[in-house]
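So the sequence shown is numbered by our numbering: it starts at 11 and just counts up by one. Quick reminder that beta carbons are idealized off the backbone N, C-alpha and C, glycines included. As structure tokens, the structure follows; a few thoughts come after it.
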Amino acid sequence: MSNDRDANPLLGVQFHIPFDRIRAEDVEPAVTELLRQSRSDLAEIARQPGPPGYENTLGALDLVTEPLDYAMAVTRHLESVATYRELRAAFNAVQPPVSAFYTGIPLNSELWQAIKTYAASPASAELTGEHRRYLTKTMDSFRRHGAELDPAGKRQLEALDVELTQLTTKFAENVLDSTNAFELILADEPDLAGLPPTAVESARESAERKGKVGWRFTLQGPDYFSVMTYLDNVAIRRQMYEAYCVRATESERDNRPLIARILELRQQKATLLGFANFADLVLEDRMAHNSARAMAFLEDLKSRTETRFQDENRELIEFRRSIEGAAAPELQPWDVAYYAEKQRAALYDFDEEALRPYFQLENVAAGLFELVRRLYGLRVTEESGVPVWDAQVRYYNVHDESGEFLGGFYADWYPRENKRGGAWMEALITGGPSDPGFRPHLGVICGNLTPPAGGKPSLLIHREVETIFHEFGHLLHHLLSRVETRSLAGTAVAWDFVELPSQIMENWCWERASLDLFARHYQTGEPIPDSLFRKMKRARKFRAANSQMRQLGFGFVDLLLHIRYSPERDGDPVAYTRRIIQKFSPAPLPPDHAMIAAFTHLFASPVGYGAGYYSYKWAEVLDADAFTRFRDGGIFSREVGSDFRTHILSRGDSEDPAELYRRFMGRDPDPRALLERFGLAEVGERQTVMESE
Ligand SMILES: [Zn+2]
């Protein structure tokens with residue numbers, strides 16, 4: 011017993027993770043030991059003592075990093091939800107050697123040789139299903155990471171990666187510094203007219219923190235968007251807009267030359283690895299498979315959105331004229347959000363705060379558990395006494411109808427100072443085959459939702475309810491996995507497929523019958539009044555073509571820069587980008603508009619969302635389309651639920667996602683359901699457009 015308690019708690023996978031015993035000083039010794047062990051296990055696989063078979067090559071490779079993955083996942087998790095100075099320092103210290111270790115795996119030539127020997131052996135010809143896929147994927151991935159290059163090629167690849175890391179890090183710093191360098195201090199109260207009281211108060215506090223008198227506005231999201239949406243003074247809106255769209259172009263933090271160089275390096279990397287362009291390199295392993303598919307997808311959605319987009323823009327101009335007279339000036343980019351908000355208020359009179367009393371967190375969670383009981387026969391029960399990292403955290407077990415224990419999860423919903431922002435799911439332990447039965451999975455879902463306050467329980471806005479459902483969807487994808495190969499299990503799927511299980515859950519937050527499971531007034535128990543429910547549904551369609559066009563425009567910029575852009579032919583990448591974005595914007599862009607210089611999705615890391623921005627819309631098409639089976643077959647239908655579980659939730663990446671999707675839907679994805687969701691569908695359209703070639 012005493013031995014066990016003295017052992018480093020990060021060494022050895024334990025299902026009930028001893029969160030109460032893990033300390034910052036455990037991190038470095040554990041990771042050092044696990045790195046040593048993993049290196050020696052890899053060398054063992056590469057040495058190939060016996061004849062190569064699946065178990066001593068790929069099977070072993072699949073398991074070799076499990077203890078290290080576990081220790082890193084637990085440490086990363088604690089650093090996200092219960093951090094302190096020493097823990098952050100320990101985590102930062104182990105990151106470089108750990109990432110160098112993972113990057114080095116495909117470049118280990120003995121290991122690559124052992125895998126190739128096995129792949130060429132008669133034994134491997136017998137492989138089917140999951141094992142065959144794991145072999146193919148492993149070989150493709152090794153090649154994409156440079157395994158086939160000669161020593162000079164490997165050195166060139168490394169040099170490209172080093173420069174890309176430096177440039178993209180600098181890109182991110184420039185955006186941050188440039189954003190922070192701007193402030194606007196307003197000293198006269200009348201200038202604040204139009205702003206909601208919360209925005210005024212936060213601007214006052216911001217000025218006070220900086221020792222200034224008046225109200226302070228920055229270019230950070232909340233400030234910027236409340237000014238653009240609400241502030242009456244057009245000159246101030248314009249000043250903020252103009253500052254925002256030239257971020258990271260000042261001489262000392264100019265990202266424009268970095269963009270040109272990053273694009274050049276990415277193209278060189280693609281060429282070196284045998285791909286036509288960076289987009290084809292990135293997309294080989296995604297559901298879209300290549301850049302032509304992703305482009306065709308965007309083109310199609312654009313053509314189906316354009317008419318409504320023009321209509322919306324005309325309606326906005328007409329709305330402005332209806333309040334300011336026929337002589338109202340042309341709409342400028344700094345006017346769009348402002349008049350759109352006035353139009354929204356006039357049309358819908360919908361205040362999302364009115365829904366809050368109907369969304370008490372405990373009821374939402376209970377409704378969600380009831381939903382998955384009906385759909386999948388799951389039983390979710392809370393267990394107390396399990397070690398956690400904070401008293402706010404709850405732990406739950408998930409059992410199947412048959413009584414089988416499928417896994418457990420922690421839920422950590424409220425903000426704290428030692429916790430990072432946003433919402434996410436993390437897989438802590440991935441189960442797999444064992445004797446007897448299947449080892450259970452373990453995961454965690456986190457958020458920063460409205461906490462209980464002023465004697466009231468936690469009352470959420472609708473977007474927060476969607477967040478809970480979304481993260482729970484990722485969790486189901488993890489907990490219901492029956493994939494035997496760890497590297498292909500659960501949420502380890504292509505980037506443009508991983509949001510299907512999560513986003514589809516959000517659909518149940520928009521249906522009357524499922525809302526009635528959990529949306530009850532926290533004092534009276536009344537369901538959401540019909541008039542409020544109808545307003546909420548209608549408001550969802552407001553200017554939906556504009557938001558869709560905006561996303562499509564970013565998707566086009568991303569793909570075109572990574573496929574077609576050529577500096578000789580197209581000139582400056584900033585001007586090139588501006589010409590594209592203009593087609594997706596409701597108002598004329600200023601000539602110095604340089605939004606691309608602050609587009610961190612594309613350029614703030616060596617890959618990031620580069621050539622992958624289309625995935626946002628792709629996943630929306632999948633979730634809207636897949637939900638039509640529930641809509642038509644009954645939103646509580648066990649039959650449809652069990653199909654979804656069999657073909658999607660339990661299958662991870664054990665088969666091509668396009669094939670899994672076809673198994674569930676009986677056909678390829680169809681974007682019509684997404685267009686219908688936003689009131690953009692037209693009658694008599696083509697049947698499907700996402701079919702694979
Ligand atoms: Zn997600």
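Beta bridge counterpart(s) of residue i as assigned by DSSP
i: K466; result: A463
i: R1; result: No answer is possible for residue 1: the residues shown for the chain start at 11 and end at 703.
i: L196; result: W225
i: A437; result: G453
i: N407; result: T391 and G418
i: P443; result: F448
Between the CA atoms of residue j and residue i - distance to the nearest angstrom
i: S557; j: E316; result: 12 Å
i: E215; j: W225; result: 8 Å
i: P132; j: M297; result: 30 Å
i: V210; j: P200; result: 12 Å
i: N287; j: R588; result: 22 Å
i: G618; j: D568; result: 11 Å
i: Q2; j: D198; result: There is simply no residue 2 to check, as the chain begins at 11 and stops at 703 in what is shown.
i: Y386; j: A70; result: 33 Å
i: W423; j: I645; result: 26 Å
i: R648; j: R550; result: 28 Å
i: V244; j: D345; result: 8 Å
i: E72; j: R496; result: In the sequence under discussion, the amino acid at residue 72 is Asp, which differs from the Glu named in the question. Taking the straight line joining both Cα atoms gives about 6 Å.
i: L52; j: G441; result: 22 Å
i: P116; j: Q24; result: 29 Å
i: E262; j: L186; result: 13 Å
i: L167; j: F564; result: 28 Å
Own chain, CB closer than 8 Å to residue i, minus 5 neighbours either side, in chain order
i: H480; result: A433, S512, Q513, M515 and E516
Closer than 7 Å: residue i CB and nearest ligand 1 heavy atom
i: H480; result: yes
i: H484; result: yes
i: E476; result: no
i: E509; result: yes
i: S512; result: yes
Reduced DSSP category for residue i - H, G, I as helix; E, B as strand; rest coil
i: C456; result: strand
i: H451; result: strand
i: G483; result: helix
i: T698; result: Residue confidence for T698 is low, a pLDDT of 43 falling below 50, so the modelled location carries little weight; the figure read from the coordinates is stated next. Looking at T698 - three-state DSSP - the assignment turns out to be coil, as it is neither helix nor strand.
i: G370; result: Per the sequence presented here, residue 370 reads as Gln, with Gly not at that position. In the structure shown, Q370 sits in a strand (DSSP, three-state: E or B).
i: P107; result: helix
i: P343; result: helix
i: M305; result: helix
i: V256; result: coil
i: K6; result: With the chain covering 11 to 703 only, the question about residue 6 has no answer from this structure.
i: F360; result: coil
i: K593; result: coil
i: M297; result: coil
i: P62; result: coil
i: A209; result: helix
i: E509; result: coil
i: G69; result: helix
i: N323; result: helix
i: A629; result: helix
i: K147; result: helix
Own chain partners of residue i with C-beta closer than 7 Å, once the 5 adjacent residues on each side are dropped
i: A81; result: L20, A40, V41 and L44
i: P601; result: none
i: Q353; result: L326 and F329
i: L177; result: L268, R271 and I272
i: P59; result: none
i: H484; result: M435, T501, P511 and S512
i: L293; result: H299, N300, S301, A304 and A621
i: L229; result: T189, F192, A253, Y254 and R257
i: A691; result: R682 and L685
i: A124; result: I55, A56, Q58, P62 and T67
i: F319; result: A555, N556 and M559
Close beta carbons around residue i, own chain, < 6 Å, minus the five adjacent residues each side
i: A683; result: A634, D635 and T638
i: F181; result: N265, L268, F613 and A614
i: F29; result: P397, V398 and W399
i: Y406; result: V390, E392 and F419
i: P61; result: none
Residue i CB to nearest heavy atom of ligand 2 below 7 Å
i: A217; result: Judged by which ligands are present, ligand 2 is missing from the structure shown, whose ligands are ligand 1.
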